[in-house]
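Start counting the sequence shown at 1; every next residue gets the next number (the numbering used here).
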Amino acid sequence: MTTVLLYAEGPAPAELVCIGEFLDAQTDLTTRHSGTRPYKVGVIAIRADDLVALDVAGFPDRTFWVSVDGLYMRIQTAGASLATGGGMIAVDQSEPAVHLRDMHSIDSDEILRVIEPSPPRPVAEWLPVETARVIREWHALQDMAIAVDAALSERGLEFPA
Numbered sequence: 001m002t003t004v005l006l007y008a009e010g011p012a013p014a015e016l017v018c019i020g021e022f023l024d025a026q027t028d029l030t031t032r033h034s035g036t037r038p039y040k041v042g043v044i045a046i047r048a049d050d051l052v053a054l055d056v057a058g059f060p061d062r063t064f065w066v067s068v069d070g071l072y073m074r075i076q077t078a079g080a081s082l083a084t085g086g087g088m089i090a091v092d093q094s095e096p097a098v099h100l101r102d103m104h105s106i107d108s109d110e111i112l113r114v115i116e117p118s119p120p121r122p123v124a125e126w127l128p129v130e131t132a133r134v135i136r137e138w139h140a141l142q143d144m145a146i147a148v149d150a151a152l153s154e155r156g157l158e159f160p161a
């Protein structure tokens, strides 16, 4: 069991207000990657009364974060869990940001994800830089794949499909 702190956006940009804690929460977090940057995503099981407190605090009309071991993650969804008899909140440190189909001459349904800083900062401070990073890393990965394919072809080899 873990104590998870609950934060809401404050009146000033990047101001977070700790509005409570979820005692005895059960976390199920996974590390994923957006390019070279790792981020956490997962679910947190909370007590039913904690779910009610989140609703009373204004979710989903306000933005909330949880802090688990000092790592801030934005609450994406919250709801009752029949399996646990309590609540479940879905958290994610990333956001979908760049649909590759919107980039010039790229025919792909892939969506690149940006990673929100921890602790959170005003979006204008980090979103443009983070968006540029994911696009740059995506292009570098494509260039590397082309170079590997060319090197294999020179040797009469093919990368298995």
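In this text, a Cβ means the ideal position worked out from N, Cα and C, and glycines have one as well.
Note that the C-beta distance between Gln26 and Ala45 is below 7 Å. Apart from the 5 residues on each side of it in sequence, Ser67 sits with its Cβ closer than 6 Å to the Cβ of Leu5 in its chain, given in chain order. Residues Ala78, Ala80, Gly86, Gly87 of the same chain have their beta carbon placed closer than 7 Å to that of Leu51, with the five preceding and five following residues left out of the count. Looking at the backbone, the Cα of Val56 and that of Ile19 are separated by about 11 Å. By the criterion of a C-beta distance shorter than 6 Å, Ala90 is surrounded in its chain by Val43, Gln76, Thr77, once the five residues flanking it on both sides are discounted. Straight-line spacing of the CA atoms in Met1 and Phe22 works out to 10 Å. Around the beta carbon of Pro120, 16 or more other beta carbons sit within 10 angstroms, so the residue counts as buried. Bridge pairing for Pro96: Arg113 [DSSP]. Counting of Cβ neighbours within 10 angstroms places Met73 among the buried residues, the total reaching 16 or more. In this structure, the alpha-carbon of Arg155 lies about 17 Å from that of Met144. The C-beta distance from Pro128 to Arg113 rounds to 15 Å, too long to fall under 8 Å, and the pair is not in contact.
Under the three-state reduction of DSSP output, Leu71 falls in the strand class.
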